[in-house]
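Notes for the one structure printed next.
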Amino acid sequence: MTLQGPLLVLAGAGTGKTRVITYRIAELIRRGTVQERILAVTFTNKAAREMRERALHLLGKRPKGVKPPEISTFHALCVRVLRRHAERLGYPKEFAIYDRSDQETLARGALRDIRVSADTLRPGDLLHIISGWKSQGIRPSEAERVANGDREGLAAAAYARYQTQLRACGSMDFDDLLLSTEELFDKHPEARFAEATRFDHLLIDEYQDTNGPQYRIVKALAHRHRNLCVVGDDDQSIYGWRGADVSHILNFQKDWPDAKIVRLEDNYRSKSPILEAANTLIAHNGSRHQKILRPFREGGLPPRMLRMENETLEAEAVIAEIRQRMEGVDESVRWRPSDVAILFRTNEQPRAFELELRRARVPYVLVGGMSFYDRKEVRDVLAYLRVIANPSDEVSLLRIINTPARGIGAGTVEILMRVAVQRGVPLWQILPEASASGDIPHVASERVEGFRKLVEKFRAELGALPLFEFAQGLLQTVDYRAELDRVYKAPGDIEARLASIQEFLNSIALYEQRSEHATLQGFLEEAALSGREDQKDDDKRERHAVTLMTLHSAKGLEFPHVYMVGMEEGLLPHQRSVVDGKSIDEERRLAYVGVTRAQDSLTLTFCKERMKWGKPRAQIPSRFLMEMRGETDRARKAAEASLQMFRNVDKPAPSESASRKKPAARASSSNGPVKLGKKPVATAAARKPARG
DNA sequence: CCCTGCGCTTTTTTT
DNA sequence: AAGCGCAGGG
Numbered sequence: 004m005t006l007q008g009p010l011l012v013l014a015g016a017g018t019g020k021t022r023v024i025t026y027r028i029a030e031l032i033r034r035g036t037v038q039e040r041i042l043a044v045t046f047t048n049k050a051a052r053e054m055r056e057r058a059l060h061l062l063g064k065r066p067k068g069v070k071p072p073e074i075s076t077f078h079a080l081c082v083r084v085l086r087r088h089a090e091r092l093g094y095p096k097e098f099a100i101y102d103r104s105d106q107e108t109l110a111r112g113a114l115r116d117i118r119v120s121a122d123t124l125r126p127g128d129l130l131h132i133i134s135g136w137k138s139q140g141i142r143p144s145e146a147e148r149v150a151n152g153d154r155e156g157l158a159a160a161a162y163a164r165y166q167t168q169l170r171a172c173g174s175m176d177f178d179d180l181l182l183s184t185e186e187l188f189d190k191h192p193e194a195r196f197a198e199a200t201r202f203d204h205l206l207i208d209e210y211q212d213t214n215g216p217q218y219r220i221v222k223a224l225a226h227r228h229r230n231l232c233v234v235g236d237d238d239q240s241i242y243g244w245r246g247a248d249v250s251h252i253l254n255f256q257k258d259w260p261d262a263k264i265v266r267l268e269d270n271y272r273s274k275s276p277i278l279e280a281a282n283t284l285i286a287h288n289g290s291r292h293q294k295i296l297r298p299f300r301e302g303g304l305p306p307r308m309l310r311m312e313n314e315t316l317e318a319e320a321v322i323a324e325i326r327q328r329m330e331g332v333d334e335s336v337r338w339r340p341s342d343v344a345i346l347f348r349t350n351e352q353p354r355a356f357e358l359e360l361r362r363a364r365v366p367y368v369l370v371g372g373m374s375f376y377d378r379k380e381v382r383d384v385l386a387y388l389r390v391i392a393n394p395s396d397e398v399s400l401l402r403i404i405n406t407p408a409r410g411i412g413a414g415t416v417e418i419l420m421r422v423a424v425q426r427g428v429p430l431w432q433i434l435p436e437a438s439a440s441g442d443i444p445h446v447a448s449e450r451v452e453g454f455r456k457l458v459e460k461f462r463a464e465l466g467a468l469p470l471f472e473f474a475q476g477l478l479q480t481v482d483y484r485a486e487l488d489r490v491y492k493a494p495g496d497i498e499a500r501l502a503s504i505q506e507f508l509n510s511i512a513l514y515e516q517r518s519e520h521a522t523l524q525g526f527l528e529e530a531a532l533s534g535r536e537d538q539k540d541d542d543k544r545e546r547h548a549v550t551l552m553t554l555h556s557a558k559g560l561e562f563p564h565v566y567m568v569g570m571e572e573g574l575l576p577h578q579r580s581v582v583d584g585k586s587i588d589e590e591r592r593l594a595y596v597g598v599t600r601a602q603d604s605l606t607l608t609f610c611k612e613r614m615k616w617g618k619p620r621a622q623i624p625s626r627f628l629m630e631m632r633g634e635t636d637r638a639r640k641a642a643e644a645s646l647q648m649f650r651n652v653d654k655p656a657p658s659e660s661a662s663r664k665k666p667a668a669r670a671s672s673s674n675g676p677v678k679l680g681k682k683p684v685a686t687a688a689a690r691k692p693a694r695g
């Protein structure tokens, strides 16, 4: 196969798409291309890490001092590009990266005083609309024009505020990283040229999930050398909600008429009955590239479908079974924890499973979930570091200005903010004048000054100590421990919070260990872009642990034994897509991704009943279960029942009408005890060894 | 200014 | 069930 020119690898699940890229990288290097001339883009940092390792492994021992090929995510790539050229756009060279929760804070602020009534537009909705505009390259000034209806009109106004605020904080959100890079390439051809000539080969994994800006960045970078290799599967496009557009991969040939197209249709991953279920399921999607996936691995059992009473029993049964399989005497059939993955649709689902796994003392890793960096205490520490790195970061500054409480109350902050807004200056720059202006009480202004000096002191000391010690000292000085004692009563609670702070400090240490030039900026950047990157630790744990993750994060991975849990209408397909009816196909692809993760065995579970806001609610088995078995008629009925149920539950305000309609919808549905195939393994039996 | 407790809302996926 | 905003007492 030639290594030059545009190439599209269109391939189904389990055919070794990523391997194609990995081998290609190794082959390019072998044929004499210098590593630094190759750029590969993956969807997640984890995928990048794995690809880097495998490529190096394929090459055997490399001479010392030679850098590995550049493999990164789009976002990480854009950060590097922007750091090199940001001044051209008039941006600061050092900028903070705002994650979802920072964005929400900004959005809340942007909506304040704009909203007519409280529930016309929630911060989350605003962010969604803004993200949509950004992925189309629509700026705040143009948003008013394109805005459709009151809601979007409101959003347009808020968008302008949001963006101004973001800039004032010296920050970018995730969309900005891509958008600004695109803008840079557009307005500054010399920057584009510089970036495009850094590499001779560009390889993109999971191309079906590229959004507009990513697509255009790829074009800009590959335009000169034309050595572009993209790999993807339209059936696995699951990021439409984030602006990903399948047409990018489907129209690849239009952009690159001389492109070679390779189809891979041999599935090396799943045993044939599993693959058959996957094929039957995905065939229900309307518009798709016909692909026939041929099983390479024969034998094996069809997917099992188990019905459980509720989510607690679901977790118990699944974990009990996993434990049982791990305890077998015969080593050849005994499961290792790392052979098993539990996949789910939403981030609240793992709760029950975590509880049960801990009780059964089965090691596990919960992937993603953002749980770590979302913890209050971690965010607080992070906020301190961010303010020290960049005092303009107002979201972080406001977070810590009075945490732990130091006598700078809401009133004081409000006055400071008002002055800052009046002068059009970041809040931080107002602080020195706090004592001068007569608006603020004496005591308060002294405290503000104390806080400012504290931050300044640490800013001055920044380079002097290793980061780890620096952070430790900071926590000590600030006496965060006292804050914990104050807020949390239960001793176990305090311990847990301290533990996560310790874990956070460890991640700083690990970052320092693995980077040549460890800087606070660098650490913050990593933290923002990749969630948890304490890789050494993680790698070790992953080898001996059951994996818990969302279907979205499972993309690209494979496991001998897979459990897809919560296979219910409202969860998969998610209630939201059932109600707007539009994105059911994407939910189906999501289910398809899940099924095709399994190598040897696949178990699908669903519950009769599930807790929602503290109340149990009856559940309908997912239509996808029936579709998988070719029972299209029953699937359609489940879909109808589901639509009726959620349409009624969702729309009208509480009170009588809704509560009366709910049971009615349920009674008319084809629900009842839906038996799927062989009798499910009795939960009681599966549960037997659970407690000891 | 700080803390507590009550009531109200919450309904997806992620770099 | 849990997090947030708000009112009211120290």
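Take 4 as the starting number for the first sequence in my numbering and just add one per residue. Positions of the beta carbon are idealized from the N, C-alpha and C atoms, including for glycine. These numbers come from a predicted model, not from an experiment.
TODO: List the DSSP bridge partners of glutamate 235.
DONE: Checking the displayed sequence, the identity of residue 235 turns out to be glycine instead of glutamate. For glycine 235, the pairing in a beta bridge is given by DSSP as Leu13.
- [ ] If I'm right that threonine 36 touches histidine 204 with Cβ under 8 Å, what's the distance once you round it to whole angstroms?
- [x] That belief holds up - the Cβ atoms of threonine 36 and histidine 204 are roughly 7 Å apart, short of 8 Å.
Open item on the list: Within a Cβ cutoff of 8 Å, which residues of the same chain sit near threonine 283, ignoring the five residues on either side of it in sequence?
Closed with: If we look at threonine 283 and ignore the five residues flanking it on each side, its Cβ neighbours are Glu630, Met631, Arg632 and Gly633.
Open item on the list: When you compare the CB positions of tryptophan 259 and proline 9, do they come within less than 8 Å of one another, or not?
Closed with: Going by C-beta atoms, tryptophan 259 is nearer than 8 Å to proline 9.
Open item on the list: the ligand GDP and arginine 115: does any heavy atom of the ligand fall closer than 7 Å to the residue's C-beta?
Closed with: As presented, the structure is devoid of all ligands, the ligand GDP included, so that no description of it is given.
Open item on the list: Taking only three categories from DSSP, how would you classify tyrosine 94?
Closed with: Reduced to three states, the DSSP call for tyrosine 94 is coil.
Open item on the list: Suppose contacts are defined by Cβ-Cβ distances below 8 Å. Is glutamate 572 in contact with glutamine 622 by that definition?
Closed with: Result yes, Cβ atoms of glutamate 572 and glutamine 622 sit closer than 8 Å.
Task: Segment limits, beta strand (DSSP E) that includes methionine 311 - done: From DSSP, the beta strand (DSSP E) with methionine 311 extends over 307 to 311.
Open item on the list: In whole angstroms, give me the CA-to-CA distance for alanine 594 and tyrosine 483.
Closed with: Computed Cα separation, rounded: 44 Å.
Open item on the list: Could you tell me the alpha carbon to alpha carbon distance between leucine 62 and isoleucine 41, rounded to whole angstroms?
Closed with: Approximately 15 Å, taken between the alpha carbons.
Open item on the list: Let me confirm a value: valine 221 is counted as buried when at least 16 other C-beta atoms fall within 10 Å, else exposed. Which label applies?
Closed with: By the neighbour-count rule (16 or more Cβ atoms within 10 Å), valine 221 is buried.
- [ ] Can you give me the Cβ contacts of serine 645 inside the same chain, cut-off strictly under 6 Å, excluding the 5 residues immediately before and after it?
- [x] Same-chain partners within the cutoff: Glu572, Val581 and Ile623.
Open item on the list: Can you check which of these residues, Ala14, Ile24, Leu80 and Leu31, is closest to serine 533 by C-alpha distance?
Closed with: Checked all of Ala14, Ile24, Leu80 and Leu31; the closest Cα to serine 533 is Leu80.
TODO: Within 10 angstroms of the Cβ of threonine 213, are there 16 or more other Cβ atoms? Answer buried if so, exposed if not.
DONE: The C-beta of threonine 213 has 16 or more other C-beta atoms within 10 Å across all chains shown, which makes the residue buried.
Open item on the list: Per the DSSP calculation, glycine 476 is bridged to which residue(s)?
Closed with: In the DSSP output, where bridge partners are listed per residue, glycine 476 has none listed.
- [ ] Keeping to the same chain, check which residues put their C-beta closer than 7 Å to that of serine 399; ignore five residues upstream and five downstream.
- [x] Result list for serine 399: Ala386, Arg389 and Val390, in chain order.
Task: glycine 173 classed as buried or exposed, judged by whether at least 16 other C-beta atoms fall within 10 angstroms - done: Classification for glycine 173: buried.
Open item on the list: What residue range does the beta strand (DSSP E) around leucine 206 cover?
Closed with: 204 to 207 is the span of the beta strand (DSSP E), which, as asked, contains leucine 206.
Open item on the list: Checking 8 Å against the spacing of the C-beta atoms, do leucine 206 and alanine 43 come in under that value?
Closed with: Yes, these two residues count as a Cβ contact at 8 Å.
Open item on the list: Considering Cα atoms alone, identify which of Leu401, Arg307 and Pro469 is closest to methionine 570.
Closed with: If we check each option's Cα against that of methionine 570, Arg307 comes out closest.
Task: Burial state of serine 520, where buried means 16 or more other Cβ atoms lie within 10 Å - done: Sequence check: residue 520 is histidine here, not serine. Classification of histidine 520: exposed, given that the 10 Å Cβ count is below 16.
TODO: Assign leucine 13 to buried or exposed, taking buried as 16 or more other Cβ atoms, counted over all protein chains shown, within 10 Å of its Cβ.
DONE: Buried, because 16 or more other Cβ atoms sit within 10 Å of the Cβ of leucine 13.
- [ ] With a 10 Å radius around its C-beta and 16 neighbouring C-beta atoms as the bar for buried, classify tryptophan 616 as buried or exposed.
- [x] In this structure tryptophan 616 is exposed. Its beta-carbon is surrounded by fewer than 16 other beta-carbon atoms within 10 angstroms.
- [ ] For the beta strand (DSSP E) holding lysine 263, just list the boundary residues, first then last.
- [x] Looking at the DSSP string, the run of the beta strand (DSSP E) that includes lysine 263 is 263 to 267.
Task: Test item: CB-CB of glutamine 2 and lysine 558 under 8 Å - done: The chain is shown from 4 up to 695; residue 2 falls before or after that span and cannot be answered.
Open item on the list: What residue range does the alpha helix (DSSP H) around isoleucine 32 cover?
Closed with: Looking at the DSSP string, the run of the alpha helix (DSSP H) that includes isoleucine 32 is 20 to 33.
Open item on the list: With the cut-off set at 8 Å, would you say leucine 501 and leucine 487 are in Cβ contact?
Closed with: Yes; because the gap between Cβ atoms is below 8 Å, this pair is in contact.
Task: Beta-ladder partner(s) of alanine 621, from DSSP - done: According to DSSP, which records beta bridges pairwise, alanine 621 is partnered with Glu612.
- [ ] For the region 414 to 427 and the region 374 to 384, state whether three or more C-beta atom pairs, one from each stretch, are separated by less than 8 Å.
- [x] Segments in contact, no.
Open item on the list: Which residues does DSSP list as the beta-bridge partners of valine 549?
Closed with: Valine 549 is bridged to Tyr367.
Task: Beta-carbon spacing of valine 565, alanine 601 below 8 Å - done: Cβ distance < 8 Å, so valine 565 and alanine 601 count as in contact.
TODO: Using beta-carbon positions only, say whether lysine 64 and glutamine 38 come within less than 8 Å of one another.
DONE: No.
- [ ] Can you have a look at aspartate 248 and say buried or exposed, based on whether 16 or more other CB atoms are within 10 angstroms of its CB?
- [x] By the neighbour-count criterion, in which a residue is buried when 16 or more other Cβ atoms sit within 10 angstroms of its Cβ, aspartate 248 is buried.
Task: Which of helix, strand or coil DSSP assigns to glycine 573 - done: Looking at glycine 573 - three-state DSSP - the assignment turns out to be strand.
Open item on the list: So within the region 44 to 86, which uninterrupted beta strand (DSSP E) runs reach at least 3 residues, ignoring any that extend past its ends?
Closed with: Correct list: 73 to 76.
Open item on the list: Using DSSP's beta-bridge definition, name the partner residues of phenylalanine 562.
Closed with: Answer is Ala601, bridged to phenylalanine 562.
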